[in-house]
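Heads up: the structure comes next, in structure tokens.
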Amino acid sequence: MKFTRPRTPSLLAWALLAATAAAAAPPVDAPLVFVGRDTITVADLDMELYVTLQMNKGQQQMPEPSAVLRRLIQNELIIQEGYRTGLHRKDMITAQVRETVRSRSIVALLDSIAATAPLVIADPARAREEVIEAYVESLKRKYGIKVDTALLASLDYASTDPAVQKQLNESDAVLAKLPSGALRVGALTRNMRFEHFHGLANKPDAAQIRDDFFKKWFSEALLGYESARLGIPERRMIKRLAAQQERDLLLEEMVNSLGRFRYAPTEAEIAAFYRENIAHLTPPARLKVQSVLLEKQSAAETFKQRLDQGAEMTWLAKRTSEVRQDAAALPTTWLQPSMIGLKPGEARPGQVLDPYEVPGGWVVAVVTEVEQPTPRTLADCREDLLLRMKAQRTRENIADAVARLEAATTVRIVPGAEAVVRGRLAQASAKESHE
255 MKFTRPRTPS LLAWALLAAT AAAAAPPVDA PLVFVGRDTI TVADLDMELY VTLQMNKGQQ
315 QMPEPSAVLR RLIQNELIIQ EGYRTGLHRK DMITAQVRET VRSRSIVALL DSIAATAPLV
375 IADPARAREE VIEAYVESLK RKYGIKVDTA LLASLDYAST DPAVQKQLNE SDAVLAKLPS
435 GALRVGALTR NMRFEHFHGL ANKPDAAQIR DDFFKKWFSE ALLGYESARL GIPERRMIKR
495 LAAQQERDLL LEEMVNSLGR FRYAPTEAEI AAFYRENIAH LTPPARLKVQ SVLLEKQSAA
555 ETFKQRLDQG AEMTWLAKRT SEVRQDAAAL PTTWLQPSMI GLKPGEARPG QVLDPYEVPG
615 GWVVAVVTEV EQPTPRTLAD CREDLLLRMK AQRTRENIAD AVARLEAATT VRIVPGAEAV
675 VRGRLAQASA KESHE
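Counting the sequence shown from 1 gives a position; the working numbering is that position plus 254.
See below:
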């Protein structure tokens, strides 16, 4: 399969593209790529672009349309392999999806209940809470639910007695019976551990924490049952969310599994990798500067021009009234290049830096000395080196796995798919620039 790599347009070009792309935007279910029996649609593209742009927020360069399609195809191949191997049936996947469906169904139910709240300008949040509380109470009456408040009050989570704590963890005593099942003391204790993993022993407000947690736990259990009875988990929006999360979890776990392997390179391999990557393991050369602070940008630019023409910094500073004598500019100690906006290897002795603004004025600096970088020894960076080696091997494993899957799968890109991606990128770029 071949992917063309057209030159990336400038941001201005992206903005112009966005204006025309909006008028001819394809429907979200329009196909872009057929990967075996599955189809990558515009909706999948929009999700991928959202994630990509969030991860690279503020970057000037947009990704290549062909690279975006490539990533979508690779992800789809890996997800398909996850389904083929039955990974989606593992507890680590199903439990998270099930919890998402439950929580989002409860949120949808609460939103519909809150919509009936009277408009109270002074405190709309409290009005929402009151409507929800009244609804939970109505469900308790509807299903004849009684909470054993005496049992709840007897649960001494503040106790430091090991026997009491053991009883709280193991007790099957019923606090309330819901249509979905009984809420027991032991289950309450285990659930509280997720929020208060150090326990409540010796805490003066343990009783209040216990009561507040039980109220929330009870309400969620009852609302979860009612939302399921009303069929909310079967709504298209919820099912779509569950399917997307399942795919995301499959992709994450499949990629992670390719990185779980025992890696024990030989000393010869470690030494060879060290020699090949010595530049990445060498800290950037530090530098020293001589600098002055001027009040205004115009004065700083004039000062730089005179330095460029050959004036000496100290001589010029004494003869320039705009130079501030009451405030320091840059330290005269060793500095990292990044501290003054330079890239590694970019600085040279005698280099005059462009003026830049700091609190109190504008700095003009001249590089006076550049330190010769000293590579880290193999012994000094061994652990870092091993991490880099395993990361590279992991990338190679993923690339090999994707190549095998790709060779065994028929992949067909719909004509015009890159143009759709380009238009979507333009729209996303234009939207980001206005935020």
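Ideal Cβ placement from N, Cα and C applies to all residues, glycine included.
Sequence-distant partners of residue 462 (beyond 5 residues in either direction) whose C-beta falls short of 6 Å from its own C-beta are missing from its chain. One alpha carbon belongs to residue 537, the other to residue 308, and they sit about 30 Å apart.
Note on geometry: alpha-carbon atoms of residue 602 and residue 641 lie some 33 Å from one another. Residue 332 sits buried, since 16 or more C-beta atoms from the chains shown fall within 10 Å of its C-beta.
Rounded to whole angstroms, residue 315 and residue 671 show a C-alpha spacing of 20 Å. DSSP places residue 438 in the uninterrupted beta strand (DSSP E) bounded by 435–438. Inter-residue distance for residue 676 and residue 284 is about 15 Å (C-alpha atoms, whole angstroms). In the three-state DSSP reduction, residue 571 falls in the helix class (H, G or I). Residue 548 holds the alpha-carbon nearest to the alpha-carbon of residue 579 among 483, 633, 548.
Between residue 399 and residue 430, the CB-CB gap stays under 9 Å. Checking the DSSP bridge columns, you'll see residue 395 has no partner listed.
Fewer than three Cβ pairs drawn from the stretch 444–454 and the stretch 386–401 lie within less than 8 Å of each other, which leaves the two stretches out of contact. Take the alpha-carbon of residue 622 and the one of residue 523: they are about 40 Å apart.
Taken atom to atom, the span from the alpha-carbon of residue 493 to that of residue 501 is near 12 Å. Within the same chain, and ignoring the five residues on either side of residue 348 in sequence, the residues whose Cβ sits closer than 8 Å to its Cβ are 342.
About 13 Å separates the CB atoms of residue 607 and residue 542; that is not less than 8 Å, and the two are not in contact. Contact between residue 287 and residue 297 is ruled out by a C-beta separation of about 13 Å, above the 8 Å threshold. In this structure, the beta-carbon distance from residue 455 to residue 411 falls below 9 Å.
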